[in-house]
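Okay, structure first, notes after.
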Amino acid sequence: MMRWNIRSIRRGSAIRQVYSTPASSVGGRVQSFLGESHVHPRTPASVSAALELEPVPCPLCGGRDVTTLGWLHDVALGVPGRFPLARCRGCGLLQQNPRVREDQLDRAYPDNYPPHTRDAEMPRMLRHAGPAVRWALATWLGYQHLATSHTGAPARGWARLHRRKIRENFPPWIGQGRLLDVGCANGRFLHQMKMVGWRVAGVEIDPVAAAKAKAVTPDVFVGDPVKAPFAAGAFDVITSFHVVEHLPRPLAALARMIGWLAPGGLLIVEVPNAGGAGGRLFGRYWIGLDFPRHLVHFTPATMTAMVERAGGRVVAASHRTKPRYLTRSLRHWLREQPGARHRLTLAALDSRLGRGAAKLTLELLMPINRPLGLGEVVRYFIRRA
Numbered sequence: 218m219m220r221w222n223i224r225s226i227r228r229g230s231a232i233r234q235v236y237s238t239p240a241s242s243v244g245g246r247v248q249s250f251l252g253e254s255h256v257h258p259r260t261p262a263s264v265s266a267a268l269e270l271e272p273v274p275c276p277l278c279g280g281r282d283v284t285t286l287g288w289l290h291d292v293a294l295g296v297p298g299r300f301p302l303a304r305c306r307g308c309g310l311l312q313q314n315p316r317v318r319e320d321q322l323d324r325a326y327p328d329n330y331p332p333h334t335r336d337a338e339m340p341r342m343l344r345h346a347g348p349a350v351r352w353a354l355a356t357w358l359g360y361q362h363l364a365t366s367h368t369g370a371p372a373r374g375w376a377r378l379h380r381r382k383i384r385e386n387f388p389p390w391i392g393q394g395r396l397l398d399v400g401c402a403n404g405r406f407l408h409q410m411k412m413v414g415w416r417v418a419g420v421e422i423d424p425v426a427a428a429k430a431k432a433v434t435p436d437v438f439v440g441d442p443v444k445a446p447f448a449a450g451a452f453d454v455i456t457s458f459h460v461v462e463h464l465p466r467p468l469a470a471l472a473r474m475i476g477w478l479a480p481g482g483l484l485i486v487e488v489p490n491a492g493g494a495g496g497r498l499f500g501r502y503w504i505g506l507d508f509p510r511h512l513v514h515f516t517p518a519t520m521t522a523m524v525e526r527a528g529g530r531v532v533a534a535s536h537r538t539k540p541r542y543l544t545r546s547l548r549h550w551l552r553e554q555p556g557a558r559h560r561l562t563l564a565a566l567d568s569r570l571g572r573g574a575a576k577l578t579l580e581l582l583m584p585i586n587r588p589l590g591l592g593e594v595v596r597y598f599i600r601r602a
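Going from the sequence shown to my numbering is simple: count from 1 and add 217.
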């Protein structure tokens with residue numbers, strides 16, 4: 218049943234080899250990941266008091282012995298201060314530790330934080346190519362209620378041309394069609410799923426974004442996923458895209474999600490890949506770090522370990538390269554470089570032609586990054602153990 222652009226995790230991958238290193242040799246490997254010029258090896262005197270930090274147990278193993286790899290700043294949204302990138306000596310999990318105090322985490326998200334401010338408009342793919350998408354879902358992903366004999370050849374051709382994109386944007390139909398999106402933000406994904414037949418619910422911690430999502434469905438819990446009151450076995454599919462890395466208790470949240478799965482249900486979690494090409498190339502400028510909002514930085518090894526501790530099993534994974542991750546990371550790096558040459562390069566990158574050329578180049582690299590496990594993000598497909 219599960220055909221949603223998945224690829225099995227290889228235990229011998231290069232990512233595992235880098236991040237499964239014994240604690241005694243961790244420093245050099247991750248220092249290489251950041252780049253020597255990208256870190257401040259000691260706590261800087263200029264750490265801002267605007268957001269207070271507190272030491273916490275490792276979110277994966279509960280240990281308190283961590284190695285601080287560097288102090289980084291917010292290159293994306295400019296929240297003041299410097300924040301530590303650390304690695305647990307026990308399990309190897311990369312994390313922010315000490316991290317922003319839990320009662321101050323909301324202040325790490327400016328009022329203009331994009332996922333919280335956009336309206337949940339009709340998804341463009343359905344708006345412009347609804348018949349083609351519905352035919353594809355019925356044909357390839359089990360949406361039999363959308364099946365029709367009246368889809369024309371042009372629509373079918375469009376669907377075949379965009380087959381990968383369709384599979385990346387829609388889960389397979391499972392069971393009774395009950396779907397929960399954890400971290401639903403403004404409800405855009407819920408809107409998309411509702412339009413193709415799912416009975417949808419959401420979880421969103423930000424009240425402003427949750428109010429927008431409630432325009433799609435009233436069944437939105439506002440608060441920490443760990444506290445959501447859904448019954449065990451309530452959902453056939455649960456999605457959580459770029460959320461788990463933001464949570465102060467990711468292990469408990471994953472355990473709750475796995476518990477909400479109906480028999481045969483599927484949990485789909487997508488997070489940035491700290492071992493991907495972008496992190497290795499751009500170091501502290503890599504947009505996937507997103508300090509101080511990202512509290513945990515997963516590799517395939519540490520995500521698999523956390524899923525197993527939460528009572529699940531990773532049945533497959535899909536490595537993907539997002540061109541905008543790399544172009545934004547390059548833009549952050551260029552902005553901090555001196556000299557007119559870098560300013561000209563930044564101006565060229567910001568032009569429509571420059572963005573198009575960069576995206577085309579990165580699209581061509583995608584087939585290389587995927588089999589090597591170097592994608593910018595990894596989508597994990599999880600079932601109950």
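Glycine is no exception: its CB is placed at the ideal position from the N, C-alpha and C atoms.
- In the DSSP assignment, I485 falls within the beta strand (DSSP E) that extends over 478 to 489.
- Looking at the backbone, the Cα of R324 and that of L354 are separated by about 40 Å.
- Within the DSSP secondary-structure output, C305 pairs in a beta bridge with V283.
- Taking 8 Å as the cut-off, the beta carbon of E421 is found closer than this to the beta carbon of V437.
- Under the three-state reduction of DSSP, I422 is assigned to coil, being neither helix nor strand.
- One alpha carbon belongs to L484, the other to R380, and they sit about 22 Å apart.
- Under the three-state reduction of DSSP output, D507 falls in the coil class, being neither helix nor strand.
- For the region 331 to 365, the continuous alpha helix (DSSP H) assignments of 4+ residues that do not extend past its boundaries occur at 331 to 334, 341 to 357, in sequence order.
- Taking all protein chains in view, the Cβ of N329 is surrounded by fewer than 16 other Cβ atoms within 10 Å, so the residue is classified as exposed.
- Listed in chain order, the non-local C-beta contacts of F447 below 6 Å within the same chain comprise W477, local neighbours out to five positions each way being set aside.
- One alpha carbon belongs to V273, the other to I455, and they sit about 28 Å apart.
- The three-state secondary structure of Q313, taken from DSSP, is strand.
- N403 places its beta carbon 8 Å or farther from that of H514.
- Nearest Cα to Y542 within the set V317, G295, L591, A432: L591.
- For F458, no alpha helix (DSSP H) segment is defined; the enclosing uninterrupted segment is the beta strand (DSSP E) at 452 to 458.
- Among the bridge pairs identified by DSSP, A533 is matched with F598.
- Judged by their CB atoms, D507 and A293 are nearer to each other than the 8 Å cut-off.
- Restricting attention to P297, G307, A430, the CA atom closest to the CA of D282 is found in G307.
- DSSP links F515 through a beta bridge to no other residue.
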